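Trainee: Sharing a structure with you now.
Numbering (the numbering used here), first residue to last: 2 to 767.
Quick look at the structure:
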């Protein structure tokens with residue numbers, strides 16, 4: 002039995018209060034010893050009402066690693082932690098070492114505090130100096146190894162010099178130094194250097210068998226893939242020794258950028274190894290799934306550059322899954338249960354067997370048949386796997402295999418009224434499709450035992466399972482449930498809103514799929530589940546791509562009228578403007594025409610009444626260069642009735658171009674006398690949430706950025722943009738990258754901002 006805390010508060014609630022993430026907390030309560038230790042530690046530290054996450058993590062370490070022979074000193078150590086005198090893992094490790102040696106009840110406080118670095122403050126400057134010294138001393142090896150450099154060793158060197166340095170700052174500085182030396186991580190940086198061994202040539206079939214047997218054949222208990230030679234040979238015959246993977250999305254919403262990483266891994270591994278990747282719809286929940294989502298997923302997968310080997314559905318295997326469920330019952334590994342969801346939850350928490358767990362096999366077979374034929378009401382029965390209710394793994398507590406749902410299926414129709422669960426169907430379909438590598442994110446790691454248990458008791462082929470960290474990006478959410486709420490409550494304009502990090506939203510925002518894949522490739526694939534990637538990193542890859550593919554043009558968002566007094570009204574000059582910075586003037590395809598007349602428009606933010614040395618825009622008596630045109634000098638300012646608002650500028654231009662001002666401004670002119678320039682709608686998109694990690698907030702809806710979408714109706718554009726089509730991308734000079742939105746009409750062209758430029762255009766166009 003799990004030990005309850007002294008106030009009978011559930012351990013899970015207690016652990017969440019001290020800042021443990023939900024996954025760690027659930028893993029903890031699956032281990033009786035750690036649960037008891039951590040509960041005692043929380044009470045000893047007097048933080049049953051909660052504490053800071055940093056303190057909570059240190060308390061967790063005490064519960065799992067504190068030397069048993071020094072238990073008498075634990076209360077003292079906890080007071081040092083709660084008072085933040087000990088606040089880093091390094092200090093805590095030093096305390097463990099100290100108490101391991103000092104076993105008597107008495108010890109000298111000054112010696113303890115000195116050993117643990119109590120009161121020692123290491124400045125960021127000190128840490129930076131130590132990191133720089135380590136990099137300089139190991140420069141030759143680092144330059145040779147690039148991103149293959151063992152960061153742990155560098156960390157160790159820094160720790161020797163500054164043992165009490167903040168590890169987060171150390172990691173940030175090491176990463177920054179590597180980035181400064183090598184820039185973005187390249188594909189070559191992720192390739193492992195393997196020494197080639199001279200071997201006798203072997204046949205392909207023999208080599209494949211050798212590799213697979215090394216991976217797959219092992220002894221019980223089943224914690225990893227264990228296949229008999231007979232099963233393995235049958236599998237290899239079906240696959241031809243090729244790698245088989247699958248991308249298994251549930252069609253209950255649109256794919257987001259986290260799925261881009263999964264696609265990159267699933268499809269990418271198969272492509273790299275000359276294998277095959279299925280697109281398999283995990284469609285076991287008909288209440289949440291729609292044809293709209295199914296169609297979207299296939300379209301987006303191909304837009305991302307991946308071509309499925311086959312498109313399959315879990316529902317394609319409903320008959321096979323049902324037949325195997327019957328076999329599972331016959332073998333004594335499943336039973337029909339009548340507990341309610343609440344009772345199941347309570348019994349699992351208490352590690353108690355269901356009252357129906359040991360019912361006769363014949364009775365379960367009869368009831369399961371009645372479930373299939375619709376003779377039992379929804380919620381009155383489930384088929385549960387008979388696993389291990391005393392396991393330390395919560396996901397071995399008799400998981401549900403089938404439940405009753407009188408809901409038509411979007412793909413299978415109304416043939417079935419019982420549907421398999423993910424835990425039952427996923428591993429079986431992996432096996433039936435001969436998947437060699439079942440790849441998934443780390444939250445499924447605790448399900449691995451159940452995955453292998455089920456295949457083993459059915460005598461089916463077991464794929465190799467490997468988990469990796471999911472992709473988390475700042476200022477956004479990856480929960481489909483929360484994304485669905487944003488859509489259904491109309492807080493955003495649908496699943497493909499450019500505000501969202503759905504792949505459809507990113508596509509509509511003008512983000513190239515190639516830049517998303519480059520972003521995923523750059524962050525790498527690890528099992529570290531504690532990082533959140535900054536949005537700036539994705540934006541870097543977007544700019545890199547669009548800088549090569551998006552032609553330049555000029556648009557003024559907030560027009561300020563400038564009348565050029567020394568140019569005749571009605572006269573218009575057609576000037577050449579460059580689509581690309583390095584375009585040659587004799588290459589017509591790289592140029593576009595812009596009219597220049599006596600009335601032009603600049604950005605309101607590019608004019609000030611008061612000039613300064615660090616300002617490069619227009620001001621009274623000051624000159625600027627109109628890009629691709631002429632220098633102009635402000636000669637007069639026309640104010641509104643309030644005597645403050647600038648409504649018009651009078652200026653003179655220098656047709657000889659002898660004036661050499663520092664500031665360069667973008668602009669748009671009247672195409673002919675008295676005719677307004679092309680008016681367009683511009684939508685400026687920004688991060689959806691104000692906080693970097695809104696998923697951690699209780700009131701995550703309250704964190705929505707009110708300026709995530711700003712619509713500008715009266716922007717002016719050069720005439721050439723009249724001929725654009727939906728999906729065309731451009732760089733608006735000094736403003737950013739933009740794409741033509743599908744809401745555009747012949748009368749109203751709509752542009753979405755994809756991403757800003759590296760430098761803010763509001764600085765005045767230096």
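Glycine included, each C-beta is placed from N, C-alpha and C at the ideal position. Owing to the predicted nature of the structure, the values given are computational and were not obtained by experimental measurement.
Can you tell which of 555, 442, 175 has its C-alpha closest to the C-alpha of residue 738?
Mentor: Within the chain shown, the letter at position 737 stands for residue 738. With distances taken between Cα atoms, residue 738 lies closest to 555.
Trainee: Give me whichever residues DSSP pairs with residue 560 in a beta bridge.
Mentor: For this step, residue 560 is matched to residue 559 along the chain shown. 604.
Trainee: Does the count of Cβ pairs from the stretch 233-252 and the stretch 277-295 closer than 8 angstroms reach three?
Mentor: Yes, they touch.
Trainee: Per DSSP, residue 624 is paired with what?
Mentor: Within the chain shown, numbered from 1, the residue matching residue 624 stands at position 623. Residue 624 is bridged to 634.
Trainee: Within the chosen definition, does the stretch 351-369 reach the stretch 443-450 through at least 3 CB pairs nearer than 8 angstroms?
Mentor: Touching, no.
Trainee: Suppose you measure from the CA of residue 422 to the CA of residue 293; what does that come to, to the nearest Å?
Mentor: Sequence index remark: in the chain shown, residue 422 carries index 421 (1-based). Sequence index remark: in the chain shown, residue 293 carries index 292 (1-based). Going from the Cα of residue 422 to the Cα of residue 293 covers about 22 angstroms.
Trainee: Assess, as a yes-or-no matter, whether the stretch 397-411 is touched by the stretch 380-388 under the definition of 3 or more beta carbon pairs within less than 8 angstroms.
Mentor: Enough Cβ pairs lie closer than 8 angstroms, so yes.
Trainee: Report the rounded CA-to-CA distance for residue 432 versus residue 143, giving the unit in angstroms.
Mentor: By 1-based counting over the chain shown, the position of residue 432 is 431. By 1-based counting over the chain shown, the position of residue 143 is 142. If I take the Cα positions, the gap works out to 43 angstroms.
Trainee: When the Cα of residue 537 is compared with those of 61, 461, 524, which residue comes out closest?
Mentor: Position 536 of the chain shown, counted from the start, is the residue given in the question as residue 537. If we check each option's Cα against that of residue 537, 524 comes out closest.
Trainee: To the nearest angstrom, how far is it from the Cα of residue 1 to the Cα of residue 409?
Mentor: Here the chain has residues from 2 to 767 only, and residue 1 is not among them.
Trainee: May I ask you to verify whether the stretch 466-484 touches the stretch 431-445, counting CB pairs closer than 8 angstroms and requiring at least 3?
Mentor: These segments touch.
Trainee: Would residue 265 and residue 510 qualify as a contact pair, given that the criterion is a beta-carbon distance under 9 angstroms?
Mentor: Locating residue 265 in the chain shown gives position 264, where the first residue counts as 1. Locating residue 510 in the chain shown gives position 509, where the first residue counts as 1. Going by C-beta atoms, residue 265 is not nearer than 9 angstroms to residue 510.
Trainee: Taking the straight line between their C-alpha atoms, what separation do you get for residue 72 and residue 16?
Mentor: Taking the chain shown and counting its residues from 1, the one referred to as residue 72 is at position 71. Taking the chain shown and counting its residues from 1, the one referred to as residue 16 is at position 15. So the alpha carbons of these two residues sit roughly 21 angstroms apart.
Trainee: Should residue 102 and residue 83 be called a contact, given that it needs their Cβ atoms to be closer than 9 angstroms?
Mentor: Mapped onto the chain shown, residue 102 falls at position 101. Mapped onto the chain shown, residue 83 falls at position 82. Not a contact, by the Cβ cut-off of 9 angstroms.
Trainee: Could you work out which residue in 30, 36, 574, 488 is closest to residue 702 when comparing CA atoms only?
Mentor: What you label residue 702 is simply residue 701 of the chain shown in a count that begins at 1. Among 30, 36, 574, 488, the Cα nearest to that of residue 702 is on 488.
Trainee: Helix, strand or coil for residue 714? Go by DSSP, reduced to three states.
Mentor: Position 713 of the chain shown, counting from 1, holds the residue named residue 714. Strand.
Trainee: Compare the Cα-Cα distances from residue 672 to each of 596, 603, 611, 336 and report the closest residue.
Mentor: Here residue 672 corresponds to residue number 671 of the chain shown, with the count starting at 1. When each option's Cα is compared against that of residue 672, the closest is 596.
Trainee: Between which two residues does the beta strand (DSSP E) holding residue 690 run?
Mentor: To locate residue 690, count along the chain shown from 1; it is residue 689. Looking at the DSSP string, residue 690 is not in any beta strand (DSSP E), and its letter there is neither H nor E.
Trainee: Here's the rule I'm using: 16 or more other beta-carbon atoms within 10 Å means buried, otherwise exposed. How should residue 341 be labelled?
Mentor: Residue 341 sits at position 340 when you count from the first residue of the chain shown. That one is exposed.
Trainee: Just to confirm my understanding: we take residue 505, look at its own chain, exclude 5 residues before and 5 after, and list those with CB closer than 8 angstroms. What are they?
Mentor: Residue numbering aside, residue 505 sits at position 504 when the chain shown is read from its first letter. 255, 256, 297, 301, 496, 497, listed in sequence order.
Trainee: Let me check one thing: in DSSP terms, what residues is residue 72 bridge-paired to?
Mentor: Start at 1 with the first residue of the chain shown, and residue 72 comes out as number 71. For residue 72, which the question treats as bridged, DSSP gives no partner whatsoever.
Trainee: Tell me which residue opens and which closes the alpha helix (DSSP H) that residue 570 is part of.
Mentor: Taking the chain shown and counting its residues from 1, the one referred to as residue 570 is at position 569. Careful: residue 570 lies outside any alpha helix (DSSP H) and carries neither H nor E.
Trainee: Just mark residue 180 as buried or exposed, buried being the case when its beta carbon has 16 or more other beta carbons within 10 Å.
Mentor: Counting from one through the chain shown, the residue named residue 180 turns up at place 179. Exposed, because fewer than 16 other Cβ atoms sit within 10 Å of the Cβ of residue 180.
Trainee: With 16 other CB atoms within 10 Å as the buried threshold, where does residue 332 fall?
Mentor: Here residue 332 refers to the residue found at position 331 of the chain shown. Flag for residue 332 reads exposed.
Trainee: Kindly indicate which residue of 141, 507, 91 has the alpha-carbon position closest to the one of residue 165.
Mentor: Walking along the chain shown from the start, residue 165 turns up at place 164. Selected option, being the one with the closest Cα: 91.
Trainee: I'd like to confirm the pairing. Which residues does DSSP put opposite residue 683 in its beta bridges?
Mentor: Taking the chain shown and counting its residues from 1, one reaches residue 683 at position 682. Bridge partners of residue 683: 713, 752.
Trainee: Which residue wins for smallest C-alpha separation from residue 30, given the options 47, 11, 20, 42?
Mentor: Residue mapping note: residue 30 aligns to position 29 of the chain shown, counting from 1. With distances taken between Cα atoms, residue 30 lies closest to 11.
Trainee: Could you tell me which of 601, 20, 278, 110 sits nearest to residue 630, measuring between CA atoms?
Mentor: In the chain shown, the residue the question calls residue 630 occupies position 629. For the residues 601, 20, 278, 110, the minimum Cα distance to residue 630 belongs to 601.
Trainee: Can you give the Cα-Cα distance for residue 674 and residue 726, rounded to whole angstroms?
Mentor: The residue labelled residue 674 in the question sits at position 673 within the chain shown. The residue labelled residue 726 in the question sits at position 725 within the chain shown. Computed Cα separation, rounded: 28 angstroms.
Trainee: Going by the DSSP bridge assignment, what does residue 401 pair with across the sheet?
Mentor: Along the chain shown, one-based indexing puts residue 401 at 400. According to DSSP, which records beta bridges pairwise, residue 401 is partnered with 385.
Trainee: Since residue 304 is in the alpha helix (DSSP H), which residue starts that stretch and which ends it?
Mentor: By one-based count along the chain shown, residue 304 stands at place 303. Taken as a continuous stretch (DSSP letters only), the alpha helix (DSSP H) holding residue 304 covers 292-304.
Trainee: Which one of 136, 474, 329, 154 has the shortest CA to CA distance from residue 178?
Mentor: The residue you call residue 178 lines up with position 177 of the chain shown. Nearest of 136, 474, 329, 154 to residue 178, Cα basis: 136.
Trainee: For residue 46, which of helix, strand or coil comes out of DSSP?
Mentor: Residue numbering aside, residue 46 sits at position 45 when the chain shown is read from its first letter. Residue 46 falls in the coil class under three-state DSSP.
Trainee: Taking 8 angstroms as the threshold, find out whether the stretch 686-694 comes into contact with the stretch 702-712 through three or more Cβ pairs.
Mentor: Touching, yes, given that three or more Cβ pairs across the two stretches are closer than 8 angstroms.
Trainee: Would residue 424 and residue 376 qualify as a contact pair, given that the criterion is a beta-carbon distance under 9 angstroms?
Mentor: Position 423 of the chain shown, counting from 1, holds the residue named residue 424. Position 375 of the chain shown, counting from 1, holds the residue named residue 376. Taking 9 angstroms as the Cβ cut-off, residue 424 and residue 376 do not qualify as a contacting pair.
Trainee: Once the 5 residues before and after residue 26 are set aside, which same chain residues still bring their CB inside 7 angstroms of it?
Mentor: For this step, residue 26 is matched to residue 25 along the chain shown. Counting only Cβ-Cβ distances below 7 angstroms, and skipping sequence neighbours, we find 13, 16, 17.
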